[in-house]
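Asker: Have a look at this one before I ask anything.
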Amino acid sequence: MNKEKRCPMMHVAFYLFFLLFIVLFVVVGWQFYNGRWLSLSAGFYRMNPEERKQIDQKALGRSLARLSFLTAVILLLVMLFPDNLEIVIGASLLLALGNWLTPSETSDKVKQYRDE
17 MNKEKRCPMM HVAFYLFFLL FIVLFVVVGW QFYNGRWLSL SAGFYRMNPE
67 ERKQIDQKAL GRSLARLSFL TAVILLLVML FPDNLEIVIG ASLLLALGNW
117 LTPSETSDKV KQYRDE
């Protein structure tokens, strides 16, 4: 099968583009994991301080960090296997499904809140 010749600079640009976003998602995920940068989440910035105290900020940060790290892993898979995108998409869907089915740290707290 005859593959098109690609410009070597396109490969470099491709890898730099993906590396930039992988590093970005890892840094953001790390900040969320440590409970910082929570104002980037939707609605958190507009809350007054009393409402922010009612939210389990540690659990919120960990949940957002899981999503950021998952996005970084998916981008890494796309970068490493660009010719096998069907397999990468399947693996990404399995990772996303596993993340969705895994109970978050807030699940017990939500149940306690509903019981009260």
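Plus 16 on top of the position in the sequence shown (first one is 1) and you've got this note's numbering.
Idealized CB from N, CA, C, for every residue including glycine.
Nothing here was measured: the structure is a model prediction, and the numbers come from that model.
Please report the residue range of the alpha helix (DSSP H) in which residue 112 lies.
Answerer: The residue you call residue 112 lines up with position 96 of the sequence shown. Residue 112 -> alpha helix (DSSP H) spans 101 to 117.
Asker: Is residue 57 helix, strand or coil by DSSP?
Answerer: For this step, residue 57 is matched to residue 41 along the sequence shown. Of the three classes helix, strand and coil, the one that applies to residue 57 here is coil, per DSSP.
Asker: Whole angstroms are fine: how far does the CA of residue 70 sit from the CA of residue 40?
Answerer: For the purposes of this step, residue 40 is identified with residue 24 of the sequence shown, where counting begins at 1. For the purposes of this step, residue 70 is identified with residue 54 of the sequence shown, where counting begins at 1. Those two C-alpha atoms are separated by around 29 angstroms.
Asker: If you run the structure through DSSP and keep just helix, strand and coil, what is residue 68?
Answerer: The residue labelled residue 68 in the question sits at position 52 within the sequence shown. Looking at residue 68 - three-state DSSP - the assignment turns out to be helix.
Asker: Ignore the nearest five residues each way along the sequence and tell me which others in residue 45's own chain have a CB closer than 6 angstroms to its CB.
Answerer: On the sequence shown, position 29 is the one that residue 45 refers to. By the criterion of a C-beta distance shorter than 6 angstroms, residue 45 is surrounded in its chain by 81, 84 and 85, once the five residues flanking it on both sides are discounted.
Asker: If the criterion is Cβ atoms closer than 7 angstroms, does the pair residue 73 and residue 93 meet it?
Answerer: In the sequence shown, counting from the first residue as 1, residue 73 sits at position 57. In the sequence shown, counting from the first residue as 1, residue 93 sits at position 77. The answer is no: Cβ separation not under 7 angstroms.
Asker: When you compare the CB positions of residue 38 and residue 88, do they come within less than 7 angstroms of one another, or not?
Answerer: Counting from one through the sequence shown, the residue named residue 38 turns up at place 22. Counting from one through the sequence shown, the residue named residue 88 turns up at place 72. The answer is yes: Cβ separation under 7 angstroms.
Asker: Would you decide whether residue 110 is buried or exposed? Buried here means 16 or more other CB atoms lie within 10 Å of its CB.
Answerer: By one-based count along the sequence shown, residue 110 stands at place 94. Residue 110 is exposed by the Cβ-count criterion.
Asker: DSSP on residue 77, reduced to helix/strand/coil?
Answerer: Locating residue 77 in the sequence shown gives position 61, counting from the first residue. DSSP places residue 77 in helix when its eight states are reduced to three.
Asker: Just mark residue 48 as buried or exposed, buried being the case when its beta carbon has 16 or more other beta carbons within 10 Å.
Answerer: Taking the first residue of the sequence shown as position 1, residue 48 is located at position 32. It is buried - the Cβ of residue 48 has at least 16 other Cβ atoms within 10 Å.
Asker: Using a 10 Å radius around the Cβ and a threshold of 16 neighbouring Cβ atoms, would you call residue 91 buried or exposed?
Answerer: By 1-based counting over the sequence shown, the position of residue 91 is 75. Buried.
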